[in-house]
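Numbering (the numbering used here), first residue to last: 84 to 370.
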């Protein structure tokens, strides 16, 4: 990946160096490698996560419901198209809440709830398959051997860590948003996570966090200028909110531009994630 000299200046935006430009080169590299796997400089620390906090995470709730259902029924029979059946979708849909998605709006326009209508359920099911906790056999999703141990309440932090790794390093998030920008910014998720750790203390918009945390000059030309912000929302901030490490709130945009949500770190962010990096000018000090 070519890093260049920093992100391009966007129209109407004051150029402020993003957080990652303060990292030592070796630390930046360690947040980027190995490709497609949890970076060397990032540690998932589920042992620091309180069980009760993990049990309140939207994706953990949905995952435990789906896994328990798969165990109870001896497998989840899929439709000919490979989706969950409506009864199984509704079982999870009725018992979960998803930041950024209003269930009332979904129910208002759908007489029945298919898996495609319940995006959080669809997303969780695919992530569970990527994590190896559900496996498809002859049109049925079967729980794997690891599933039963992870269903125990005290295993919720470990389940959260499994989901976190699968979301960002085992699933292609572009498959969900139809955004023509390929892979960006998922291919430098380690850099983004560290940057969020030092910038997302207060409420910020998706655009502000994109400029502060992503490597903008790895973008090729894009068809529309709003697509990078859309990718930041759909491939970074929304999954992080569903994983409980980012909080979101509705916000009125006076400019009429951008998304109507702001984001900041949740306590779970620092409990689940640790970094081993050095800042320029602070050699020998680990963050």
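Ideal Cβ positions, reconstructed from N, Cα and C, are used throughout, including at glycine.
Give me whichever residues DSSP pairs with residue i in a beta bridge.
| i | result |
| --- | --- |
| residue 329 | 348 |
| residue 288 | 345 |
| residue 371 | Lying before the first or after the last residue shown, residue 371 is absent from the chain, which here runs from 84 to 370. |
| residue 181 | 184 |
| residue 126 | 357 |
| residue 362 | 106 |
| residue 167 | 161 |
From this set, the options, which residue's C-alpha is nearest residue i's C-alpha?
| i | options | result |
| --- | --- | --- |
| residue 223 | 124, 289, 282 and 160 | 160 |
| residue 261 | 189, 169, 317 and 363 | 317 |
| residue 177 | 163, 198, 166 and 164 | 198 |
| residue 127 | 145, 254, 240 and 202 | 240 |
| residue 216 | 146, 200, 331 and 325 | 146 |
| residue 373 | 253, 206, 303 and 166 | Nothing can be reported for residue 373, as the shown portion of the chain is limited to 84 through 370. |
| residue 157 | 230, 364, 237 and 187 | 230 |
| residue 380 | 243, 250, 175 and 238 | As shown, the chain starts at 84 and ends at 370. That puts residue 380 outside it, with no answer to give. |
| residue 238 | 108, 134 and 255 | 134 |
| residue 99 | 228, 282, 328 and 186 | 282 |
| residue 323 | 214, 213 and 279 | 279 |
When you compare only the Cα positions, how much space is there between residue i and residue j?
| i | j | result |
| --- | --- | --- |
| residue 112 | residue 104 | 12 angstroms |
| residue 314 | residue 344 | 14 angstroms |
| residue 121 | residue 292 | 21 angstroms |
| residue 299 | residue 170 | 43 angstroms |
| residue 150 | residue 204 | 12 angstroms |
| residue 172 | residue 153 | 12 angstroms |
| residue 361 | residue 166 | 45 angstroms |
| residue 148 | residue 245 | 16 angstroms |
| residue 94 | residue 163 | Residue confidence for residue 94 is low, a pLDDT of 44 falling below 50, so the modelled location carries little weight; the figure read from the coordinates is stated next. Cα to Cα, residue 94 sits roughly 48 angstroms from residue 163. |
| residue 276 | residue 218 | 29 angstroms |
| residue 189 | residue 207 | 18 angstroms |
| residue 233 | residue 211 | 12 angstroms |
| residue 84 | residue 319 | Confidence at residue 84 is low in this model, with a pLDDT of 45, below 50, so its placement is unreliable and no value can be given for it. |
| residue 228 | residue 220 | 14 angstroms |
| residue 185 | residue 333 | 12 angstroms |
| residue 115 | residue 269 | 11 angstroms |
| residue 131 | residue 328 | 13 angstroms |
| residue 310 | residue 331 | 20 angstroms |
| residue 306 | residue 155 | 47 angstroms |
| residue 192 | residue 243 | 32 angstroms |
| residue 174 | residue 109 | 47 angstroms |
| residue 377 | residue 287 | Past the edges of the chain, shown from 84 to 370, lies residue 377, and the structure says nothing about it. |
| residue 356 | residue 226 | 27 angstroms |
Return no unless some Cβ of chain B is closer than 8 angstroms to the Cβ of residue i.
| i | result |
| --- | --- |
| residue 219 | Looking at the structure shown, chain B is missing, and only one protein chain is on hand. |
Am I right that residue i and residue j are in contact with their C-beta atoms under 8 angstroms? What's the rounded C-beta distance?
| i | j | result |
| --- | --- | --- |
| residue 265 | residue 257 | 6 angstroms |
| residue 284 | residue 347 | 7 angstroms |
| residue 125 | residue 358 | 6 angstroms |
| residue 106 | residue 363 | 7 angstroms |
| residue 101 | residue 295 | 5 angstroms |
| residue 302 | residue 325 | No, residue 302 and residue 325 are not in contact; Cβ-Cβ is about 25 angstroms, not under 8 angstroms. |
| residue 304 | residue 289 | That pair is no contact at about 21 angstroms. |
Would you call the stretch 177 to 191 and the stretch 133 to 142 touching, i.e. three or more CB-CB distances under 8 angstroms?
-> Output reads yes: the stretch 133 to 142 touches the stretch 177 to 191.
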